[in-house]
Amino acid sequence: MKFSVEIHAPREIVWSTLWQDETFRQWAGMIDPGTYMKGELKEGNEIQFISAENGYGVSSLVKELKQNEFLLLKHRADTQDSGQQKREDEWTGGSERYTLSEDNDVTTLTLMCDIPLRMEEYFIEAYPKALDKIKELSEKK
Numbered sequence: 034m035k036f037s038v039e040i041h042a043p044r045e046i047v048w049s050t051l052w053q054d055e056t057f058r059q060w061a062g063m064i065d066p067g068t069y070m071k072g073e074l075k076e077g078n079e080i081q082f083i084s085a086e087n088g089y090g091v092s093s094l095v096k097e098l099k100q101n102e103f104l105l106l107k108h109r110a111d112t113q114d115s116g117q118q119k120r121e122d123e124w125t126g127g128s129e130r131y132t133l134s135e136d137n138d139v140t141t142l143t144l145m146c147d148i149p150l151r152m153e154e155y156f157i158e159a160y161p162k163a164l165d166k167i168k169e170l171s172e173k174k
């Protein structure tokens with residue numbers, strides 16, 4: 034799936050909005066309420082995205098990272114119990130790509146992601162709401 038939004042803010046601000054804990058929780062919560070990230074966003078590291086509401090999440094490898102420009106995540110395993118235990122593998126092997134390009138103080142954020150087939154309809158509705166939230170938060174800064 035591919036989603037994109039134009040944001041009237043420099044890409045450094047958009048990047049910060051994407052990955053700082055406080056703002057990450059706000060936009061990711063539009064997809065899955067209470068979602069937070071555990072781990073350091075650094076190339077080669079494993080991070081976890083966990084739902085505070087049900088404890089389910091996904092562990093992902095930071096495969097490629099170019100600060101303020103590009104992030105590629107490769108999903109490794111679905112988890113439960115706040116990341117402590119493995120569960121089904123519907124996200125395993127998928128990827129998410131965040132690309133930021135800037136032209137005249139307008140940043141285009143493009144998100145490409147692999148979604149389990151049974152969840153496509155939900156994400157078609159949820160991801161645009163998350164991108165709108167990223168836009169709102171970034172343009173406030």
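Here the numbering used here is used: the first residue of the sequence shown is 34, the next is one more, and so on. C-beta: ideal position from N, C-alpha, C; glycine also.
For the beta strand (DSSP E) that residue i lies in, which residues bound it at each end?
i    : result
K71  : 68–71
D136 : 128–136
Within a Cβ cutoff of 6 Å, which residues of the same chain sit near residue i, ignoring the five residues on either side of it in sequence?
i    : result
R58  : Y69
C146 : M34, E129
V38  : L142, L164, K168
Let me know the secondary structure DSSP gives residue i once reduced to three states.
i    : result
A89  : The question names Ala, but residue 89 in the sequence shown is Tyr. In the structure shown, Y89 sits in coil (DSSP, three-state: anything other than H, G, I, E or B).
Q81  : strand
K75  : coil
K107 : strand
K174 : coil
I167 : helix
E55  : helix
Whole angstroms are fine: how far does the CA of residue j sit from the CA of residue i?
i    : j    : result
G62  : A85  : 10 Å
G29  : Q81  : Residue coverage of the chain in this structure runs from 34 to 174, which leaves residue 29 outside it and unanswerable.
P161 : F36  : 7 Å
I157 : W60  : 15 Å
G67  : D138 : 31 Å
Y131 : N87  : 26 Å
With a CB to CB cut of under 8 Å and the five nearest residues on each side skipped, what residues in its chain are close to residue i?
i    : result
E135 : P43, R44, T141
D54  : Y69, M70
May I ask you to list the residues that DSSP assigns as paired with residue i?
i    : result
M34  : Answer is none; M34 lacks a bridge partner.
F156 : BP columns for F156 are empty, so no partner.
Residues in the same chain with beta-carbon distance under 7 Å from residue i, minus the five sequence neighbours each way, listed in chain order, please.
i    : result
K107 : S93, L94, K96, S128
E172 : I40, H41, A42
Within the continuous alpha helix (DSSP H) that includes residue i, where are the two ends?
i   : result
L51 : 44–52
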